[in-house]
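Notes follow once the structure below has been shown.
In the numbering used here, the protein residues as written are 4 to 164.
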């Protein structure tokens, strides 16, 4: 039976010791959606939302969140990120927004949590900025879509959210 990496021998929560790992280029991507009414998308396109620049603000919030992941998730390592990018696009077919993040570091542990945090906070920011316009919004399908670097190698998820 394999041992849980975040539990010490005496059953306490523990941060994994990564000091013996070789630093490598680490990359992770994640995605998610915020579904909303089609009329909400029309208001965003027309710049008629009460809180201003919805997409740009949410993209910035996601980047800022990636940089603060260790402050939010108790056993995450604080990492020096070399890149954090968030892209939000309108998708009329949902209807709603597709949110994607890419995070990079040169380090001893991966950046999957940072990519997930970036997407999550970007979605939450969209929700916050649009809640006065649309009470039907749903945040959905937040997931890691790929990771590379480290001992476990590369991984790519299938399908779209």
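Just so it is clear, CB atoms sit at the ideal spot from N, CA and C, and this is done for glycine as well. Keep in mind that this is a model prediction, so the values were computed, not measured.
query = What residues in its chain sit with their C-beta under 7 Å from that of residue 51, if we drop five residues either side in the sequence?
reply = none
request  = Would you list, in sequence order, the uninterrupted beta strand (DSSP E) runs of no fewer than 3 residues that lie entirely inside the region 93-137?
outcome  = 99-110
message = Taking the alpha carbon of residue 31 as the reference point, which residue from 141, 99, 108 and 8 has its own alpha carbon closest?
response = 108
ask   = How big is the Cα-Cα spacing for residue 111 and residue 101?
value = 30 Å
request  = Could you name the residues that DSSP lists as bridge partners for residue 146?
outcome  = 34
message = Quick check: is any heavy atom of the ligand SAH less than 7 Å from the C-beta of residue 94?
response = Of ligands this structure carries none, so the ligand SAH is not represented either.
inquiry  = So, for residue 97: in the same chain, excluding its five sequence neighbours on each side, which residues have a beta-carbon less than 7 Å away from its beta-carbon?
reply    = 36 and 38
query = Taking the alpha-carbon positions, what's the residue 87 to residue 126 distance?
reply = 16 Å
Straight-line Cα distance separating residue 81 from residue 2 = In the structure as shown, the chain starts at 4 and stops at 164, and residue 2 therefore has no counterpart that could be examined.
request  = Would you check if the region 42-56 and the region 128-142 touch, i.e. whether three or more CB-CB distances between them fall below 8 Å?
outcome  = yes
key: residue 87 (DSSP reduced to helix, strand or coil)   = strand
message = Once the 5 residues before and after residue 24 are set aside, which same chain residues still bring their CB inside 6 Å of it?
response = 111
First through last residue of the alpha helix (DSSP H) which encompasses residue 75 = 72-75
Buried or exposed (CB count within 10 angstroms, at least 16 for buried), residue 141 = exposed
inquiry  = Just to confirm the assignment, what range does the alpha helix (DSSP H) spanning residue 42 have?
reply    = 41-49
query = Do you know whose CA, among 115, 46 and 128, lies nearest residue 157's CA?
reply = 115
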